[in-house]
Amino acid sequence: MPDLIIASVMTMMTAATPLVFAATGELICERSGVLNLGVEGMMLIGAVFGFATAAVTGNAPLGLLMAGVAGLLASLIFATLTLSLLSNQVATGLALTIFGTGLSALVGFDYVGETIDQIAAIHLPVLSDLPVVGRLLFGHDPLVYLSLGLLAAVAWFLSRSRWGMILRAVGDSDVSAHAIGYPVVLIRYAAVAFGGMMAGLGGGYLSLVYTPLWAENMAAGRGWIALALVVFASWRPERVLFGAILFGSITILQLNAQAAGLGIPAAFMSMLPYIATIVVLVLISRDAIKIRLNAPACLGRPFRAER
Amino acid sequence: MKYLVKLVVVMFAAVLSLGAISTASADKLKVGFIYIGPPGDHGWTYAHDQGRLMIDNMLGEHVETTYVEGVPEGPDAERAIAKLAETGHKLIFTTSFGYMEPTLKVAKRFPDVKFEHATGYKQADNVATYSARFYEGRYVQGQIAAKISKSGIIGYIASFPIPEVVRGINAFMLGAQSINPDMKVKVVWAYTWFDPPKEADAAKVLMDQGADIITQHTDSTAALQAAAARGIYAFGQASDMIQFAPDTQLTAILDDWGPYYVKRTVDVLMGTWSSGDTWNGMGPGMVGMAPFTNMPSDIAMMARETAESIRTGAFHPFTGPIYNQAGELVVAAGEVAPDFPMLATMNFYVQGVDDKLPE
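Residue numbers (this note's numbering), protein chains in the order written: chain C, 1464 to 1770; chain Z, 490 to 848.
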């Protein structure tokens, strides 16, 4: 039984990791006041370029780097359109997702059925062999630690650093931030780019670690769950982690319940993550003041600098 | 193999005699394929595409083949099939169970087009069905798994609760029980044919619950690779997947559609095509096994012997006594389960499967 629990927790962490990456990136983006609905598309672009790089060079870490770069470049398209050309953020974000789905399928066409060397779980000599905590703390793949590290860095950045405050100021009142003299558009570019890089890394995690292969549309809705997670977390980094693990574990638990022969209809279990999203959204939306306190006030609004 | 050689010879003769006819008609016969996944899945669709390529290689002078990949089962399938029929394809293979109704619907609208639907059970004047007896291979896999497993638990990733999949689970269970009556099979329904991350999740969960052998009825290599990452053994599906997991794959069921596809295409060329149902197994070579690897030689020997006795017809995997989950005798001792209705519409588990069959 303890073995089953440890093993299940390990599996849940791998299911949560792509969500942690993508949601952390989107959180920064939204905190700066930009709503980018293109997460799913950027994840797919990251996944395919990461995989292609790893397949061609045989170097999976390099593939991961490329996944981040590809996600970043994709987000810059979005940034140019919405921040410089002031297009509608919702429509542009949706377009980015559709574009990313198509582009990734096109680029990935020749890589379907290719195989690469997966980035393996780490194994530290003494530590990973400790009973119970050994595997739980020191037995994951390196990207699990990277995602947690980046999340912690983002939490620190937002609450403790000067630039984090400025980013939040830009998201809460772009006009005032501009009046004080901060480069609002430039800061938002940076936030969108960070979000793109993180979505790309999340996609790269899928194609390089989760299942070392490329398949069309392999993000399978994780980008959308990441978007919901940011709202679920009411724009707070520590809650992103909680939410990601919750969503990851529901996915894994439904399969676990099946394998254990509990006789719960699988179709019902498959609905659970989405029901959970709706329930949580309803619960947090009930408290209108709280949501207004947390949500970036300028979210989704275009900003035109006026002198 | 012998069967294949014979078939090839017969077909070449047919094609030669045909040459005279078709040089007169300048247009090539257009043959279309509808695929559920990408040809690069190295599983189900890959095997069908190999069959298509065999048509190209052998009948390329008279035939032109087209395929549409990644067609979801449902309304989209109807559009894709109709599109092929509208663009002059006279023979269309629809290669997934869920294309059954769409195929029949389109067939009604195009009475002069011949349709071939894989793994279905509904025919029409211009719709034939064909399938392979994959369960023969599953029985062999069950025996191998029971010999190798230490935990006594096998993880089985199933796709949809349709007769073909249920038959596979039962055959696997019967094979495992023939070696060790206490073997357990844990089933996870993925409700997809092709979704690599989900297939990998299912494999991980089954391994978490103690399965030390993984077998799958989904199409990608993800489950095999997930097993490889944990250092346990698994089976390939629909084609030889050994290159994805050289130290993991015990064997794989191989689908060999090529000879059937070539034969049916020749039938259309010669005007001798007629509807019907074809259900072939190891005997005629529609089902094969990849080399038995990563196992001791005595187990490989046993597996070869079982496969050989199934191939020659000396043994049938569904030989009684067979009990259902409720403990009722469904096939009497020494009897063989009939194709119709029992095997073709199989909707119950045999005793010992650790799962409740979804409605």
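By construction, the Cβ of each residue, glycine as well, lies at the ideal position given by its N, Cα and C atoms.
Within the segment 1575-1592 of chain C, those residues whose Cβ lies closer than 9 Å to any Cβ of chain Z are, in chain order, V1575, G1576, E1577, T1578, Q1581, A1583 and A1584. Between G526/Z and G559/Z the beta-carbon gap is near 6 Å, inside 8 Å, which marks them as a contact. Between T584/Z and A617/Z, the CB-CB gap reaches or exceeds 8 Å.
Chain-ordered listing is empty here: chain Z has no CB closer than 8 Å to the CB of Q1552/C, the nearest sitting near 29 Å. Unbroken alpha helix (DSSP H) stretches of 4 residues or longer found wholly inside the segment 661-739 of chain Z: 685-697 and 711-719, given in chain order. D690/Z reaches chain C at T1474, A1478, T1714, I1715 and L1718, counting residues in chain order whose Cβ is nearer than 8 Å. A1768/C sits exposed, since fewer than 16 C-beta atoms from the chains shown fall within 10 Å of its C-beta. The beta carbon of D729/Z sits closer than 6 Å to the beta carbons of A741 and A779 from its chain, once the five residues preceding and following it are set aside; these are given in chain order. In this structure, DSSP gives W768/Z an extended state, which the three-state scheme calls strand. If you check the CB distance, M589/Z and K611/Z come in under 8 Å.
Sequence-ordered contacts of the segment 1655-1686 of chain C with chain Z read L1669, Y1673, T1674, P1675, L1676, A1678, E1679, M1681 and A1683 [C-beta pairs closer than 7 Å]. A1518/C carries a helical assignment under DSSP once its states are collapsed to helix, strand and coil.
The Cβ atoms of D708/Z and W768/Z lie no closer than 8 Å to each other.
Residue contact check for T710/Z against chain C: a CB pair falls below 8 Å. One thing to note: L518/Z has its Cβ within 8 Å of the Cβ of K579/Z. Counting C-beta pairs with one atom in each stretch, the segment 1516-1526 of chain C and the segment 1535-1552 of chain C have fewer than three that are closer than 8 Å, which means they do not touch.
According to DSSP, A607/Z shares a beta bridge with Y619/Z. Each residue's CA atom was taken as its position, placing L1566/C and G521/Z some 26 Å apart. The C-alpha of V1617/C is placed about 25 Å away from the C-alpha of T1560/C. Inclusion of G1666/C and L1507/C in the CB contact set at 8 Å is warranted, their separation being smaller than that value.
By the rule that beta-carbons nearer than 8 Å mark a contact, A1485/C does not touch chain Z.
A Cβ-Cβ separation of about 17 Å leaves V1633/C out of contact with S1538/C under the 8 Å criterion. For A1470/C, at least one C-beta of chain Z is nearer than 8 Å to its own C-beta. Contact check for A569/Z against V557/Z passes: the beta carbons are separated by less than 8 Å.
Excluding five sequence positions before and after P1765/C, the CB atoms of its chain that fall closer than 6 Å to its own CB belong to L1549, given in chain order. By the Cβ criterion, the segment 646-659 of chain Z is in contact with the segment 667-686 of chain Z, since at least three pairs of Cβ atoms, one from each stretch, lie closer than 8 Å. Bridge pairing for Y1574/C: absent [DSSP]. For M778/Z, the enclosing beta strand (DSSP E) has its first and last residue at V776 to M778.
The CB of P806/Z never comes closer than 7 Å to any CB in chain C; the least such distance is about 24 Å. In the structure shown, Y812/Z falls within a strand segment according to DSSP collapsed to helix, strand and coil. Rounded to whole angstroms, the Cβ separation of L1614/C and Y1668/C is 14 Å, and the two are not in contact under 8 Å. Residue state for E558/Z is assigned as coil, using DSSP reduced to three classes. DSSP places A647/Z in the uninterrupted beta strand (DSSP E) bounded by I642 to A647.
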